[in-house]
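Visitor: Mapping of the sequence shown onto my numbering: residues 1285 to 1340, in sequence order.
Before we start, here is the structure in question, set down as structure tokens.
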Amino acid sequence: MEVTLAILMVVGALVPSVAKMMDSIAFRNRAAGEAEVIRAKRGERKDTKRSGERHG
């Protein structure tokens, strides 16, 4: 019984942080999609190299 309670407490403590992480990932995916649409409308290519990128 104590083990079950301990597991439930750990899971309960992790749920809010996992939900925040999922919201953050969804926000990034939406932002990337919107940026892709804007680039497509402007006719820019996504694979252009920027000066700050690492090569290798």
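Backbone N, C-alpha and C fix where the C-beta goes; we use that ideal spot for every residue, glycine too.
At the level of alpha carbons, what is the spacing between Met1306 and Arg1326?
Guide: Near 30 Å, if we compare the C-alpha coordinates of Arg1326 and Met1306.
Visitor: Quick check on Met1305: does DSSP put it in helix, strand or coil?
Guide: Reduced to three states, the DSSP call for Met1305 is helix.
Visitor: Quick check: what's the CA-CA separation for Arg1329 versus Glu1286?
Guide: Those two C-alpha atoms are separated by around 58 Å.
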